[in-house]
């Protein structure tokens, strides 16, 4: 453990000075338990509501059978439980037909399915410089088969000008694909306005709701969203291993995988019926049940209540950060314009170093680096340095935010 | 609930006669709880060992962060937990480099990755008539891009003649792809011998271990297996939502998806390093931890102990079935030649009807129909009727098997 203590000492001395560092190390050695403050909810929300854990355990212990294959009581119960989550999601996103929701292990899988299932050689797609690698890397890969991509440049706050999107449309354009909110700056995109543009030009609009689904209202009908990809394990408060994609009826999506569906088992051809066409193999039944429980929690507590809570904390955090010397805040710095994600740097300090100190000295969990979104970092001007991302969840408290502000202040003073 | 009672009455009358049916319905109405006998372990094993549930709950509640992305304590702990499962799997299958194991949500996903990542237009693949739709449907889909498939016909017991495989090799053959054991008849394939043929002809050998991984020894080095796809939620005793694929170093596998990997985040090109190249997006961390716990259970109890237990029960079941009038048993009827999967029919009775009675009247969970393997049913001669599959797991008891035999006997007498 010596190397660990050495790192503590090094980090602590840097952030706190020698005396505090000594006391800190003593505390560590005596194994005093510190309470961790989790501000990495944009990666995955933690903790989940208790009912999520309970629902998963119940599904595994009481009816952990394979849904949709056999006809026995446990299999039917498992199948019904999955369908219940499908219905909850449909109601939540105003999706008419729950069977148009495909469960995937995460949003990345859904995005790949939507992108690769839709685009063919010669097609043109419009996206933005604030997208995650789960959008940009599949598009980059499709360049090899002749899919063309226009990446619309966003401004330094991460905002897109919808006129730039409309201007990028050409006769081969098939798809507009944007995030709902940046995973780096939180910047909220005007998806309703973009959906209107897509509709006007008869294009498919696909939204990556990784940072919003569960906290910000999404109405696929009203917003003209044709394809919606969402993770289950972020603001929808389900477990890791869950996510999904909604595909509007009439949109043709090819398979990227085939397999057993429990339906039309006599045929070697994948069935065309949804969701079977795009859902092969044993699903993550307990995970999907947990996602349903997360949704129930959101509906019971109220999506507005969660959003207002996170907005309040985000505002306190931004306002506090503005008072701290040498802190550069990226993004809109305005809770009306951003999801509860705040990225900063402290002077010229490496974002990984700052995050390491936050973790080791202050027990605050954040994420440094490029957040799998290199063009976003180029857009906001921190590609070399990366940045330190704080992301707030429904179970954070004002005290968490105050402690985080004190920690940033300490680091800023000592560095 | 009237329709349910009606179905009970109908099923019970058929199987038990009027008096017993009446008593049975009375029992149901008074809500007497019957103990379910689960014999659908080939779909998913149930229950799991307690340590699996406990490990998943611990992972979710104590360190439910996103592994491999951030550097904070919880993220590192999550990352280490996933790596531990990778190491356990590598040791279990005699895989030299744990990083060549890619986690997938089920075996189907792994099979699709292996098949589509490997095969190109003009390539020829040899497979068998006993394969699952998770093999046959992707191959069928690849016909459209010019991949040719030879389906080697197995005999009525579901056995393959390795000479037929070798004879099917032509100059374009790239891959031999077989199951390790049929999900319909349990018939065990001589994978070592097939691996030797593949090696001799410098072909890739891919094995679908859906029915064997966790119970039958698999040594990828010794058996010349280049690609091994396995589910986590069957005999490896992990939760649903888990599985994986091993890819031998030197085998070129293209991506079927790209996305965030937490590595080389500055690049829009998917990294080439394993497992990142083929693992994008947030993994099912608690599920993978649960899979690790399942493996630990197997290693602690001993794979031989589990196998012998299941073989013993399978032998009792087969021997008992042979004594029952009008029962047709498919497959080898020999525990030395089959995994603990036994499929039957009773006279000309529809397999769904028999399964329904087993479930509703006797509380025995089995699976009827074609089991997502239509060519297997053609091979063994029950394509029209389907069959009733009993699949035995490590927690079944002799009493379970005796009760199942009594139930089959009752149905056989009454039908």
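Protein chains in written order, with UniProt numbering: chain A, 1 to 415; chain B, 1 to 415.
We put the CB at the ideal spot given by N, CA and C, even for glycine.
Asked: Beta-carbon proximity check, residue 386(B) vs residue 351(B), cutoff 7 Å; Found: yes
Asked: Sub-7 Å separation of residue 261(A) and residue 271(A) beta-carbons; Found: yes
Asked: Contact set for residue 395(A): own chain, Cβ-Cβ below 7 Å, skip 5 residues either direction; Found: 47
Asked: Proximal chain A residues relative to residue 57(B), where beta-carbon distance stays under 9 Å; Found: 53, 56 and 57
Asked: Through-space distance from residue 365(B) to residue 400(B), alpha-carbon basis; Found: 11 Å
Asked: Three-state class that DSSP yields for residue 345(B) in the structure shown; Found: strand
Asked: Presumed contact (8 Å Cβ cut-off) between residue 37(A) and residue 404(A), rounded CB distance; Found: 7 Å
Asked: Partners in chain B for residue 46(A), counting only beta-carbon separations shorter than 8 Å; Found: 64, 65 and 74
Asked: Supposed contact pair residue 228(A) and residue 198(A) - C-beta distance, whole angstroms, cut 8 Å; Found: Rounded, the Cβ-Cβ distance is 13 Å, inconsistent with contact.
Asked: Residue 284(B) beta carbon less than 7 Å from that of residue 241(B); Found: yes
Asked: Coil, strand or helix - residue 140(B) by DSSP; Found: helix
Asked: Residue-level contact to chain A via CB, residue 396(B), 7 Å cutoff; Found: no
Asked: C-beta neighbour in chain A for residue 156(B), strict 7 Å; Found: no
Asked: C-alpha gap between residue 187(B) and residue 158(B), whole angstroms; Found: 6 Å
Asked: Whole-number beta carbon distance between residue 67(B) and residue 59(B), since they are thought to touch under 8 Å; Found: Not a contact, Cβ separation roughly 10 Å.
Asked: Beta-carbon proximity list for residue 69(A), same chain, < 7 Å, skipping 5 on both sides; Found: 75 and 262
Asked: Within 7 Å, strictly: CB atoms of residue 391(A) and residue 327(A); Found: no
Asked: C-beta neighbour in chain A for residue 258(B), strict 7 Å; Found: yes
Asked: Length at least 3, wholly inside the segment 24 to 90 of chain B: the beta strand (DSSP E) runs in chain order; Found: none
Asked: Between the CA atoms of residue 127(A) and residue 361(B) - distance to the nearest angstrom; Found: 57 Å
Asked: Interface flag, residue 337(B) vs chain E, CB-CB below 7 Å; Found: In the structure shown, chain E cannot be found, because the protein chains are A and B.
Asked: Residue 201(A) beta carbon less than 7 Å from that of residue 189(A); Found: no
Asked: Nearest neighbour of residue 149(B), chosen from 165(B), 222(B), 337(B) and 160(B) [CA to CA]; Found: 165(B)
Asked: CB contact below 7 Å: residue 379(B) versus chain A; Found: no
Asked: Neighbour-count burial assignment, residue 381(B), 16 or more Cβ in a 10 Å radius; Found: exposed
Asked: Collapsed DSSP secondary structure at residue 292(B) in the structure displayed; Found: helix
Asked: Cutoff 7 Å: residue 33(A) Cβ touching any chain B Cβ; Found: The pLDDT assigned to residue 33(A) is 44, lower than 50, so where the model puts this residue is not dependable; a value taken from the coordinates is nonetheless given after this. No, because no Cβ of chain B sits closer than 7 Å to the Cβ of residue 33(A).
Asked: Three-state secondary structure assigned by DSSP to residue 367(B); Found: strand
Asked: Reduced DSSP secondary structure (H/G/I, E/B, other) of residue 337(B); Found: coil
Asked: Boundaries of the beta strand (DSSP E) in which residue 231(B) is found, first to last residue; Found: 227 to 231
Asked: As assigned by DSSP and simplified to three states, the class of residue 401(B); Found: helix
Asked: Where the alpha helix (DSSP H) containing residue 457(B) begins and where it ends; Found: Chain B is shown from 1 up to 415; residue 457(B) falls before or after that span and cannot be answered.
Asked: Partner residues on chain A for residue 369(B), Cβ-Cβ distance less than 7 Å; Found: 265
Asked: N-terminal and C-terminal residue of the beta strand (DSSP E) that residue 243(B) is part of; Found: 243 to 247
Asked: Below-7 Å beta-carbon distance, residue 359(A) vs any chain B residue; Found: yes
Asked: N- and C-terminal bounds of the beta strand (DSSP E) containing residue 196(A); Found: Here residue 196(A) belongs to no beta strand (DSSP E); instead the alpha helix (DSSP H) covers 191 to 200.
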